[in-house]
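Student: Line order of the protein sequences matches chains A and B.
Read in my numbering, the first sequence has 166 at position 166, and its numbers run on one by one without any break.
Read in my numbering, the second sequence has 117 at position 117, and its numbers run on one by one without any break.
No residue lacks a Cβ here, since even glycine has one placed at the ideal position from N, Cα and C.
All of these numbers come straight from a predicted model, not from anything done at the bench.
Number of protein chains: 2
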Amino acid sequence: MFNITAEDGGARTGILSTAHGELRTPFFMPVATKATVKTLTPDDLKSCDVQVLISNSLHLFLRPGLEVLEAHGGLHRFMRFNGAIFTDSGGFQMIRKGFFVGADRDGITFRSPYDGKKYKFTPEFSKEVQMRIGSDVAMMLDYCAEYPASYDEAKKSVYFTTLWAERFPKNTEQLSFGIVQGSVYEDLREKSAKDLANMDFDGYGIGGLSIGEPKEVMHRMVEIVTGILPEDKPRYLMGVGSPLDIIESVMRGVDIFDSVFPTRNGRHGTAITSRGMLNLRKAEFKNDESPLDEDCSCYTCENFTRSYLHHLIREKEILGMHLLSLHNVCFMIEFMKRIRKEIEQGNLEKFKKEMEKIY
Amino acid sequence: MFNITAEDGGARTGILSTAHGELRTPFFMPVATKATVKTLTPDDLKSCDVQVLISNSLHLFLRPGLEVLEAHGGLHRFMRFNGAIFTDSGGFQMIRKGFFVGADRDGITFRSPYDGKKYKFTPEFSKEVQMRIGSDVAMMLDYCAEYPASYDEAKKSVYFTTLWAERFPKNTEQLSFGIVQGSVYEDLREKSAKDLANMDFDGYGIGGLSIGEPKEVMHRMVEIVTGILPEDKPRYLMGVGSPLDIIESVMRGVDIFDSVFPTRNGRHGTAITSRGMLNLRKAEFKNDESPLDEDCSCYTCENFTRSYLHHLIREKEILGMHLLSLHNVCFMIEFMKRIRKEIEQGNLEKFKKEMEKIY
């Protein structure tokens with residue numbers, strides 16, 4: 001169930017109902033590929049008001065394996081997260097090293113990087129895996145083309161994705177999201193969106209973007225796709241992203257995002273703040289006794305100075321990665337709250353202009 | 001101020017008063033060499049009831065530097081720890097790679113591994129550094145011999161340590177602890193302990209042990225030294241250790257311990273539990289849904305299964321290192337509480353026999 005609660009140009013706020021809570025859109029999901037948002041405890045996530053995250057069903061299938069997850073009563077209990085959980089299907093791992101063997105009309109064959117064993121993921125099997133994992137939202141098995149992709153390869157990605165979309169089980173208690181492909185070709189994105197629009201998905205992912213193409217191209221593809229997808233279903237731009245990319249996409253009608261942006265940056269010593277990105281390794285922070293972000297009330301900002309964080313990052317201390325990841329995730333959650341408020345007040349355009357000065 | 005509150009054979013409980021709290025002995029200090037107990041936040045330490053930790057004044061002098069610490073109002077505020085803090089002098093870094101240049105009657109010359117700059121640490125300068133860091137207890141600058149050390153080298157370590165002990169400032173608001181050296185030579189340990197016993201230190205470290213010598217030799221050296229040191233001053237066995245080594249040493253009159261044992265083991269995937277050491281990497285934990293330690297109420301044990309921890313450790317996830325370090329530190333704190341209770345009830349010998357079956 002998805003209800004739109006406010007609109008501001010192409011942007012909208014809404015509520016997506018899941019078995020683990022009513023989620024206010026637009027929202028951002030921290031990434032917990034292997035059943036952990038890197039460096040963060042469930043209590044850390046709670047302290048940041050994280051209501052939903054995304055994990056990866058292919059990774060979980062390989063490790064720890066379905067039996068382990070089922071014995072725990074599902075992923076929520078395994079990782080002790082009580083919010084909503086999306087799972088990706090593994091289609092994206094086609095373009096990641098170490099997993100992909102081949103694809104045909106029937107699905108994708110993956111190889112375990114752990115023991116070399118091969119597994120065929122059909123659309124039905126992908127859904128079964130995600131059901132057994134117990135996530136709240138399953139992403140369909142999709143065919144993700146690399147960037148750059150030839151027109152033929154992109155066409156194939158749409159063709160296979162549509163075939164698999166038809167077969168992917170829908171109308172289950174677990175929500176099922178379709179995924180639009182088509183690389184950077186306008187006509188293929190259009191076709192893919194049209195193919196899926198009339199299928200009974202609970203929402204739609206936009207896949208195969210944010211993998212190296214120019215920003216303008218990504219935004220253009222999003223625009224085409226959201227113009228075709230049903231308005232009353234949530235749209236999820238997969239793998240995005242940074243504050244500006246999120247605003248641009250929200251203005252084009254996107255409701256859901258996920259990205260390793262806050263956690264990867266955190267582990268590498270970079271903080272996302274209301275004044276811009278800060279690389280804490282820089283010598284300028286050595287004597288800076290101010291908090292990371294004066295407008296933030298997360299544990300990191302309430303307790304530590306930039307000087308201390310600089311020290312930890314310089315010394316490669318895990319605590320530094322942890323404290324920056326914590327702040328960055330909190331920042332993204334607060335940023336999305338702000339976006340929702342700006343939409344409700346009809347001020348998103350103005351907010352975007354402010355943000356363009358900062359990021 | 002140190003008051004003994006109970007005795008059981010050679011073991012005793014007591015209270016050491018510091019500027020940051022009354023510390024019940026025997027106690028164990030987690031190690032925060034670089035102003036962080038590796039992977040743990042101050043809130044984590046509080047959740048484990050950590051009342052005191054030890055940092056390293058040589059490391060802190062080099063990074064972040066005294067100016068940074070002073071600008072924060074000292075180490076406590078820098079790292080946001082409100083308990084008591086001991087600092088080691090850097091004498092131990094004589095036998096660690098990358099720091100030691102040379103020693104003479106006047107002190108030790110260290111080289112910064114960061115920029116190659118050399119610094120001469122005299123006894124007076126060591127105390128000054130520790131005062132400026134703002135720790136509650138300063139360890140004297142000592143001459144630490146490697147193991148194995150020739151008799152001559154061990155004799156030199158005692159000779160220099162005694163010289164420096166005389167010069168090390170005492171009777172300051174910050175407590176000053178002497179350090180007994182002498183390697184594994186009974187007569188030299190005896191001489192060192194006698195040399196220092198009549199100086200007005202607030203407590204005594206026993207240094208240069210737990211660096212490779214056989215356990216029996218370590219225990220023998222401790223016995224000799226505690227037999228000579230004044231009974232009304234706390235004794236601190238530096239760099240120890242494991243549960244059994246701690247019990248053995250407590251029975252020989254030691255009051256204070258520190259070791260990277262819980263944090264290093266945690267980062268390497270090993271848990272200290274009431275049933276013994278568990279290497280979480282082992283396949284036997286893949287399907288083990290029990291908590292790490294049924295007798296523990298730390299965050300890790302209250303929330304996660306061995307199966308989940310096994311998964312995190314296998315995947316080299318930082319959260320796994322964090323959760324095991326947290327448990328291990330909590331375990332050591334609880335273990336010391338138990339030792340204090342057993343001493344008060346006159347049951348330490350019996351407790352030791354139980355523990356010998358486990359560790």
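Could you tell me whether any Cβ in chain A is nearer than 9 Å to the Cβ of residue 320 of chain B?
Tutor: So yes, residue 320 of chain B belongs to the interface.
Student: For a test of the three-state rule: what should DSSP assign to residue 24 of chain A, helix, strand or coil?
Tutor: If DSSP states are grouped into helix, strand and coil, residue 24 of chain A belongs with the strands.
Student: Confirm, please, whether the CB-CB distance from residue 131 of chain B to residue 179 of chain B is below 9 Å.
Tutor: Going by C-beta atoms, residue 179 of chain B is not nearer than 9 Å to residue 131 of chain B.
Student: Please list, in chain order, all residues of the same chain as residue 95 of chain A whose beta carbon is under 6 Å from its beta carbon, the five residues on each side excluded.
Tutor: For residue 95 of chain A, where only same-chain residues beyond five positions count, the Cβ hits under 6 Å are 144, 146.
Student: If the cut is a Cβ gap below 8 Å, which residues of chain A does residue 79 of chain B touch?
Tutor: Those are 308, listed as they occur along chain A.
Student: Would residue 267 of chain A be called buried (16 or more neighbouring beta carbons within 10 Å of its own) or exposed?
Tutor: Buried.
Student: Just how far apart, CA to CA, sit residue 7 of chain B and residue 341 of chain B?
Tutor: So the alpha carbons of these two residues sit roughly 11 Å apart.
Student: Taking only three categories from DSSP, how would you classify residue 137 of chain A?
Tutor: Strand at residue 137 of chain A.
Student: Tell me which residue opens and which closes the alpha helix (DSSP H) that residue 351 of chain B is part of.
Tutor: Element bounds for residue 351 of chain B: 348-358.
Student: Reducing DSSP to helix, strand and coil, say where residue 109 of chain A ends up.
Tutor: Three-state DSSP puts residue 109 of chain A in a strand.
Student: Just curious, the alpha helix (DSSP H) that residue 321 of chain A is in, first and last residue?
Tutor: Element bounds for residue 321 of chain A: 318-344.
Student: With 9 Å as the threshold, decide whether the Cβ of residue 71 of chain B is near any Cβ in chain A.
Tutor: Output row for residue 71 of chain B: interface = yes.
Student: Checking 9 Å against the spacing of the C-beta atoms, do residue 60 of chain A and residue 34 of chain A come in under that value?
Tutor: Cβ atoms of residue 60 of chain A and residue 34 of chain A: closer than 9 Å.
Student: Closer than 8 Å to a non-hydrogen atom of the ligand NAD - does that hold for the CB of residue 228 of chain A?
Tutor: What this structure holds is no ligand at all, so the ligand NAD is not there to describe.
Student: What residue range is occupied by the uninterrupted beta strand (DSSP E) comprising residue 273 of chain B?
Tutor: It spans 270-273 - the beta strand (DSSP E) in which residue 273 of chain B sits, taken as one unbroken run.
Student: In whole angstroms, give me the CA-to-CA distance for residue 190 of chain A and residue 311 of chain A.
Tutor: Cα to Cα, residue 190 of chain A sits roughly 50 Å from residue 311 of chain A.
Student: I'd like the ranges of any alpha helix (DSSP H) spanning at least 4 consecutive residues and lying wholly in the segment 258-298 of chain B.
Tutor: The segment 258-298 of chain B contains these whole alpha helix (DSSP H) runs: 261-267.
Student: To the nearest angstrom, how far is the alpha carbon of residue 71 of chain B from that of residue 289 of chain A?
Tutor: Rounded to the nearest angstrom, the two C-alpha atoms are 8 Å apart.
Student: Kindly identify the DSSP beta-bridge partner or partners of residue 29 of chain A.
Tutor: Residue 29 of chain A is bridged to A:258.
Student: Rounding to the nearest angstrom, what Cα-Cα distance links residue 20 of chain A and residue 136 of chain A in this structure?
Tutor: Distance between the alpha carbons of residue 20 of chain A and residue 136 of chain A: 7 Å.
Student: Looking only at its chain, what residues have a beta carbon closer than 6 Å to the beta carbon of residue 343 of chain A, apart from the 5 residues adjacent to it on each side?
Tutor: Same-chain partners within the cutoff: 6, 8, 11, 13.
Student: May I ask you to verify whether the segment 29-44 of chain B touches the segment 254-267 of chain B, counting CB pairs closer than 8 Å and requiring at least 3?
Tutor: Enough Cβ pairs lie closer than 8 Å, so yes.
Student: Hey, out of A:242, A:83, A:230, A:154, whose CA is closest to residue 276 of chain A's CA?
Tutor: Closest by alpha carbon: A:242.
Student: Return the residues of the segment 276-309 of chain B that lie within a Cβ-Cβ distance of less than 8 Å from chain A, sorted by chain order.
Tutor: Going along the segment 276-309 of chain B in chain order, one finds 286, 287, 289, 299, 303, 304, 305, 307, 308 with a Cβ nearer than 8 Å to chain A.
Student: Here's a check: name, in chain order, each residue in its chain whose Cβ is nearer than 8 Å to the Cβ of residue 281 of chain A, leaving out the five neighbours to either side.
Tutor: Hits under 8 Å: 269, 310, 313, 314.
Student: Rounded to whole angstroms, what's the CA-CA distance from residue 212 of chain B to residue 187 of chain B? Just pull it up for me.
Tutor: Spanning the two alpha carbons is a distance of roughly 20 Å.
Student: Could you check what DSSP says for residue 92 of chain A in three-state terms: helix, strand or coil?
Tutor: Helix.
Student: DSSP on residue 227 of chain A, reduced to helix/strand/coil?
Tutor: It is helical.
Student: I'd like the ranges of any alpha helix (DSSP H) spanning at least 4 consecutive residues and lying wholly in the segment 162-248 of chain A.
Tutor: With a minimum length of 4 residues, the continuous alpha helix (DSSP H) runs that stay inside the segment 162-248 of chain A are 186-197, 215-228.
Student: Using a cut-off of 7 Å between C-beta atoms, extract the partners of residue 311 of chain A located in chain B.
Tutor: Residues of chain B passing the Cβ test: 35, 63, 64.
Student: Drop a sphere of 10 angstroms on the beta-carbon of residue 114 of chain B, count the other beta-carbons inside from all chains shown, and report buried for 16 or more, exposed for fewer.
Tutor: Per the 10 Å Cβ criterion, exposed.
Student: So, using beta-carbon positions, are residue 299 of chain A and residue 41 of chain B closer together than 9 Å?
Tutor: In contact: residue 299 of chain A and residue 41 of chain B (Cβ atoms closer than 9 Å).
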